[in-house]
Amino acid sequence: MSNDLGKTAPLLETQSLSLSIAGRKICTELSLRVPAGQCLGILGQNGTGKTTLLHTLMNLRSPDSGDIILGDKPLKTWDPKSLAQQLGILFQNTHDIMPATVLETALIGRHPHLADWQWETKTDLALAQQALEEVGIAELANREIASLSGGERQRLAIATLLTQEPRLFLLDEPGNHLDIAFALRSLQLLRAHIERRQCALIMATHDINLAARYCEQILLLYGEGKFALGRCADVLTAQNLSRAYDCEIREFEIEKGRSVFFPA
Amino acid sequence: MIQRRHIVLLLSLLALTLVSFLISFSSGSASLGFGEVISQLFAPEPGLEQQILYELRIPRSIAAFVTGAMLAMSGVIMQVLLRNPLADPYILGISGGSAVAALSAILLGFSGLWISNAAFIGALLAIFIVFGLAQSGRNWTATRLLLTGVVMSAGWGAIINVLLTTSANNSVYSMLFWLMGDLSQSRAGIFNTAFLVIAFALLMYYARALNVLSRGDMQAAALGVNVSRLRLLLYLASSVLTACAVSIAGTIGFVGLVIPHMLRLLGARDHRFLIPSAFLLGGSFLMIADSFARTVIAPTQLPVGVVTAIIGVPVFLIILRHSSNRLRE
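Below you can see the structure in the form of structure tokens.
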């Protein structure tokens, strides 16, 4: 993993970002940079505002103060359609009430790339089919989404995001409903994708070890606006984590330079 | 994505529409065969039959088609907006408001166009009240709107009952016909027809965005849809469509609830197909129902709203059963 934080132009940057929800502070004066080809993990206890922070980075809500810069201009100045070509998000929960097939759902990801009145082309269809293949549900393409298991739905949501082809992936609990093997596989997949395409990824997760494995940078939210931000090895320490989760967490080195964390 | 089954469905619906127009033109107290209808339409010598066709049958058929198309499209939009499969064009109390106004007009001795105008104004009033009440801060949520609408409907229902129980017998008869939906005096009119065309074009423009919106507001916003603007626009389009429909023919039930579901079960989920399909099927369904309404126990005419349910319930149940069998396979 590279050490060039801050050297290349970042894909996304926040400058003195302060954010609160319902009077509770999530972060104060947060300045982070996410360069192309890298992952940032957001960790913190339940209710510390990981999801709210992601939604703010997605321009779905406004910060109290500070700036968010995507590419070369402030996030606010992007028009919604171009923004959706740059930013894609995996939501924590999906509620599917209206019927649709798996393939139709994945194709929704092409919406920001199509002009008014334009129909999906063969290329769009191929992209969606490839994404379904990558997450291993290609054979479900014509199934009703109502008949999918929780894990299959999560894979479909990841496939929809891949079909969208954003430059910055925002993931809210990517491991939700997935077994250990598939959680790792999907992160590997996304990781390879962002390195190949020079995209970037920000994920909010409860899984410390998943974040430790795939992220260059970690933002650890302590609550009340305090946080630790830095390289993975610097932030993920037993001491920091115990403080963040208010519970004693121990570090076990399983091989040289790679640790796992468990509650004591 | 254009699929063969979509094309087949649309072409079948187009054929159904043409057949429904013919059925509608030929049925009535003076029965005409399909061949007679066609020859009379273009007959050089105007006779009684041609006069019946042009002055009675055709305007009534068009009124039925326009009303059905409006209700079905309005139902499609309401179900997406409220993300509730039980939503129909009347769920926010539009029918209640228009009924109170129309029944009051009947009670005061007005007839014809005055009742239509009263129904339209009542519907608009109901929309304004619901939106005004449901607003909290700058935006409204679907749940809040739905709750406000359902409660308002109950209120309108109470007023309707007061009007029904306190009116003289002969006006109660007209009131009941109006409430069940009746096309016997109906004319679509230029304004309604023009609005139907405009609304159709508008909905087709936003059809792909509707696909995204039906996956949820957050997902739609994340995919670049301006959700609050689109929702407002769709609520207005759906409400005005409903207001026009009730002003033409009273509160015809069933069409707006069931036609969208029927089409979804038949495989039209993509709104770029669902909207034109609803337009055609809603229109033809109401024309056929109206043909039955005026012939089943002729010369007495049934209110068309009764027939929509009598035909629609078994048809819908058959499609539902058929499609759930297919899903299980």
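Protein chains in written order, with the numbering used here: chain A, 1 to 264; chain B, 265 to 593. Glycine included, C-beta positions come from ideal geometry on N, C-alpha and C.
Can you look up residue i in the DSSP assignment and give me helix, strand or coil?
| i | result |
| --- | --- |
| G292 of chain B | coil |
| C199 of chain A | coil |
| K256 of chain A | coil |
| E593 of chain B | Note that E593 of chain B scores a pLDDT of 41, beneath 50, so its modelled location is shaky; the value from the coordinates is reported in the next line. Correct three-state label for E593 of chain B: coil. |
| S2 of chain A | For S2 of chain A, the predicted structure reports a pLDDT of 44, less than 50, and the residue's modelled location is therefore unreliable. A value from the coordinates is still provided. It is coil, neither helix nor strand. |
| R153 of chain A | helix |
| G517 of chain B | coil |
| P310 of chain B | coil |
| F261 of chain A | strand |
| C232 of chain A | helix |
| L67 of chain A | It should be noted that the sequence gives Asp, not Leu, for residue 67 of chain A. In the structure shown, D67 of chain A sits in a strand (DSSP, three-state: E or B). |
| V394 of chain B | helix |
| L273 of chain B | helix |
| F227 of chain A | strand |
| D96 of chain A | coil |
| G339 of chain B | helix |
| I523 of chain B | helix |
| V426 of chain B | helix |
Please report how far the alpha carbon of residue i lies from the alpha carbon of residue j, in whole angstroms.
| i | j | result |
| --- | --- | --- |
| S359 of chain B | T14 of chain A | 51 Å |
| P263 of chain A | C215 of chain A | 21 Å |
| A192 of chain A | T101 of chain A | 28 Å |
| A233 of chain B | G150 of chain A | Nothing can be reported for residue 233 of chain B: it is not among the residues displayed for chain B, which extend from 265 to 593. |
| L280 of chain B | L545 of chain B | 8 Å |
| V414 of chain B | G517 of chain B | 16 Å |
| T457 of chain B | A383 of chain B | 17 Å |
| A398 of chain B | L409 of chain B | 5 Å |
| L114 of chain A | E104 of chain A | 15 Å |
| A365 of chain B | F392 of chain B | 15 Å |
| A432 of chain B | A422 of chain B | 18 Å |
| S450 of chain B | P323 of chain B | 8 Å |
| P540 of chain B | V394 of chain B | 29 Å |
| S417 of chain B | V519 of chain B | 19 Å |
| L241 of chain A | A351 of chain B | 48 Å |
| L277 of chain B | L498 of chain B | 25 Å |
| N490 of chain B | L521 of chain B | 27 Å |
| L107 of chain A | S587 of chain B | 24 Å |
| I89 of chain A | A463 of chain B | 32 Å |
| L273 of chain B | L581 of chain B | 19 Å |
| V283 of chain B | L530 of chain B | 20 Å |
| A406 of chain B | R495 of chain B | 10 Å |
| Y354 of chain B | W420 of chain B | 12 Å |
| Y267 of chain A | N176 of chain A | Past the boundaries of the shown model lies residue 267 of chain A; chain A is included only from 1 to 264, so the question cannot be answered. |
| L5 of chain A | P349 of chain B | At L5 of chain A the pLDDT is 47, less than 50, meaning the model places this residue with poor confidence; the figure from the coordinates comes in the next sentence. Using only the alpha carbons, I get a separation of about 50 Å. |
| A452 of chain B | L427 of chain B | 27 Å |
| S502 of chain B | F537 of chain B | 18 Å |
| I341 of chain B | G361 of chain B | 20 Å |
Check whether the Cβ atoms of residue i and residue j lie closer than 7 Å to each other.
| i | j | result |
| --- | --- | --- |
| G488 of chain B | P112 of chain A | yes |
| T565 of chain B | A557 of chain B | Strictly speaking, residue 565 of chain B in this sequence is Gln, with Thr absent from that position. In this structure, A557 of chain B lies closer than 7 Å to Q565 of chain B by Cβ. |
| Q86 of chain A | R167 of chain A | yes |
| S555 of chain B | S293 of chain B | no |
| M551 of chain B | L460 of chain B | no |
| P524 of chain B | Q343 of chain B | yes |
| I137 of chain A | R155 of chain A | yes |
| M98 of chain A | S478 of chain B | yes |
| I145 of chain A | D67 of chain A | no |
| S20 of chain A | D64 of chain A | yes |
Could you say which of the options lies nearest to residue i if we only look at CA atoms?
| i | options | result |
| --- | --- | --- |
| T163 of chain A | A:L178, A:D124, A:A183 | A:D124 |
| A336 of chain B | B:P567, B:V510, B:H586, B:L584 | B:V510 |
| L286 of chain B | B:L317, B:Q267, B:R536, B:M526 | B:L317 |
| D446 of chain B | B:L274, B:Q315, B:G569 | B:G569 |
| P567 of chain B | B:V330, B:T515, B:G547 | B:T515 |
| N59 of chain A | A:L190, A:K76, A:N46 | A:K76 |
| S380 of chain B | B:A513, B:Q483, B:I424, B:V330 | B:A513 |
| A327 of chain B | B:H586, B:A562, B:S548 | B:S548 |
| G268 of chain A | A:F261, A:K226, A:K73, A:I254 | In the structure as shown, chain A begins at 1 and stops at 264. Residue 268 of chain A is therefore absent and cannot be evaluated. |
| V34 of chain A | A:G71, A:G44, A:R61 | A:G71 |
| I69 of chain A | A:L30, A:Q188, A:G41, A:D207 | A:L30 |
| L40 of chain A | A:E248, A:L54, A:T28 | A:L54 |
| A471 of chain B | B:A369, B:R585, B:L345, B:E313 | B:L345 |
| L219 of chain A | A:S259, A:D207, A:R213, A:V235 | A:V235 |
| T94 of chain A | B:G480, B:N434, B:C508 | B:G480 |
Does the beta-carbon of residue i have 16 or more other beta-carbons within 10 angstroms, so that it is buried, or is it exposed?
| i | result |
| --- | --- |
| A128 of chain A | buried |
| I271 of chain B | exposed |
| H535 of chain B | buried |
| E593 of chain B | Low confidence applies here, because E593 of chain B scores a pLDDT of 41, under 50, leaving its location unreliable; read the following figure in that light. Exposed, since its Cβ has fewer than 16 Cβ neighbours within 10 Å. |
| V577 of chain B | exposed |
| G373 of chain B | exposed |
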